[in-house]
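Residue numbers (my numbering): 623 to 950.
Here's the structure, in structure tokens; my notes come after.
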Amino acid sequence: MYTQGLDALGDESLHLPEEQLAELEARFQAKIDADEKIEPKDWMPAAYRMTLIRQISQHAHSEIVGMLPEGNWISRAPSLKRKCVLIAKVQDEGGHGAYLYSAAETLGISREQMVEQLLTGKAKYSSIFNYPTPSWADIGAIGWLVDGAAIMNQIPLCRCSYGPYARAMVRICKEESFHQRQGFEIMMRLCEGSTDQQRMAQEALDRWWWPSLMMFGPDDANSKHTGQSMRWKIKRFTNDELRQKFVDVTVPQAEFLGLNIPDDALVWNEETEHYHFGPIDWDEFQRVLAGHGPCNQERIRARIEAHESGAWVREAALANAAKQSKNL
Ligand code: BYC
């Protein structure tokens, strides 16, 4: 009922006289400019609502699909401690997906609709999760690089103009920092180990470096949503700004580990005080987004199977809720 009410609110504003709509929009933008939060029952432009639904649902799907490459290693983690840590991390990601679906629901879309969009390929999820995890070192590299990139992108989202998203991000970021450190710690142990373990760590860095840079999205010149999302303070930094920050903090970490970043063009620029890095293969990025990455089909198949085999749980929960409401 609540979300239907919000839908109606959005629709009604479409029929408002132009003057009144302009006034509402001006008041909305003034609130954003004053760094006030927009809450679910506040008036908001339809495009702001749709942008948030797109971004938050893509983010939620990424967390859920992101459980798969690591889930692959739960049964093969090299010790009981590693297994426990990995189970906890993957569970956290399920939790992040749940908070984010809830945040998106406040905008007038149901979880069923979002899940349907994911399973039918209408909704995107992060490109990074379409790459395979052939060795244990990939689990270290995911924590170090993928969670590291995620934190860089998500800390500013704690100051996003939409209240429920910003608040969800505060808790998510705390957990992501822990995830990043556990990944770096796996990499440290491997780099202190045998020649074979060091080689595994280097190969994992080689596999994950460029896809991690792609996580930040297309370069600014080709990012169709950044301009408007910055004006609405959904995004606080552009894709290229965050990518550069990530490179700048991560290169010294790789040096500390004794690993080589797989980029011959990588060089410290004294003038800009940033690392200059080589060109990103945007064709590869577009191929992965179009569904042709190494694991796209496998990931969606796994989500469809999980959804189908979980049908009885949803039915039981609904039956229980109906029974409870009769008892009230
Ligand atoms: N992968 O105009 P742009 C995690 C799409 S989960 C796929 O720059 P925007 C974790 C974009 O959606 C990490 N699609 O868009 C979980 C748009 O598509 P449409 C997920 C991408 O929104 C488990 C089009 O390209 N994090 O951390 O201004 C384990 C144009 O792009 C990607 C989030 O979702 C991509 N990499 O900026 C470990 C954070 N990049 O719908 C870790 C929240 C772009 O127009 N999201 N696209 O066709 C964001 O911050 C922004 O949405 C993005 C993109 C920076 C990703």
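For every residue, glycine included, the Cβ atom is placed at its ideal position computed from N, Cα and C.
Check: Three-way DSSP call (helix, strand, coil) for histidine 896 in this model; Outcome: strand
Check: Residue span of the beta strand (DSSP E) that contains valine 910, given as start and end; Outcome: Counting along the chain, valine 910 falls outside any beta strand (DSSP E), and DSSP gives it neither H nor E.
Check: Serine 816 and tyrosine 747 closer than 8 Å at C-beta; Outcome: no
Check: Contact test: aspartate 769 Cβ vs the ligand BYC heavy atom, cutoff 7 Å; Outcome: yes
Check: Rounded separation between alanine 938 and alanine 790 - CA only; Outcome: 28 Å
Check: Contacting residues, own chain, Cβ-Cβ under 8 Å from cysteine 954 (five flanking each side not counted); Outcome: As displayed, the chain neither begins before 623 nor continues past 950, which places residue 954 out of reach and without an answer.
Check: Coarse secondary structure for isoleucine 731, derived from DSSP in three states; Outcome: coil
Check: Run of the beta strand (DSSP E) containing tryptophan 758, from where it starts to where it stops; Outcome: Looking at the DSSP string, tryptophan 758 is not in any beta strand (DSSP E); the run it does join, the alpha helix (DSSP H), is 758-763.
Check: Residues that DSSP places opposite valine 891 in a beta bridge; Outcome: Just to set this straight, residue 891 is asparagine in the shown sequence, not valine. Asparagine 891 is bridged to His896.
Check: Residues sharing a beta bridge with isoleucine 660, DSSP; Outcome: Tyr784
Check: DSSP-derived helix/strand/coil call for threonine 848; Outcome: helix
Check: Rounded separation between alanine 699 and glycine 913 - CA only; Outcome: 29 Å
Check: Burial state of glutamine 866 (16 or more Cβ within 10 Å); Outcome: buried
Check: For proline 691, three-class secondary structure by DSSP; Outcome: helix
Check: Local Cβ density within 10 Å of asparagine 942, reported as buried at 16 or more and exposed below that; Outcome: exposed
Check: DSSP-derived helix/strand/coil call for tryptophan 854; Outcome: coil
Check: Within the segment 762-827, ranges of the alpha helix (DSSP H) (whole runs, at least 4 residues); Outcome: 769-776, 785-813
Check: Distance, serine 724 Cα to isoleucine 675 Cα; Outcome: 11 Å
Check: Rounded straight-line distance, which links the Cα of isoleucine 794 to that of valine 768; Outcome: 14 Å
Check: Pick from Glu658, Ile902, Asp905, Val871 that is closest to tryptophan 890, judged by C-alpha positions; Outcome: Val871
Check: Closest Cα partner of arginine 579 within the set Leu722, Glu645, Leu950; Outcome: With the chain covering 623 to 950 only, the question about residue 579 has no answer from this structure.
Check: Straight-line gap, aspartate 629 to isoleucine 678 (C-alpha atoms, nearest Å); Outcome: Note that aspartate 629 scores 45 on pLDDT, short of 50, meaning its location in the model is unreliable and no value can be drawn from it.
Check: Boundaries of the alpha helix (DSSP H) in which glutamate 922 is found, first to last residue; Outcome: The amino acid at residue 922 is misidentified as glutamate; the sequence shows isoleucine. Looking at the DSSP string, the run of the alpha helix (DSSP H) that includes isoleucine 922 is 918-931.
Check: 8 Å Cβ cutoff met for proline 662 and threonine 728; Outcome: yes
Check: Backbone secondary structure at threonine 673 - three-state DSSP; Outcome: helix
Check: Distance cut-off 7 Å: lysine 703 Cβ against heavy atoms of the ligand BYC; Outcome: no
Check: Cβ-heavy atom distance, glycine 805 to the ligand BYC, below 7 Å; Outcome: no
Check: Own chain, CB closer than 7 Å to glutamate 715, minus 5 neighbours either side, in chain order; Outcome: Glu685, Gly688, Met689
Check: Per-residue DSSP class, three states only, for histidine 683; Outcome: helix
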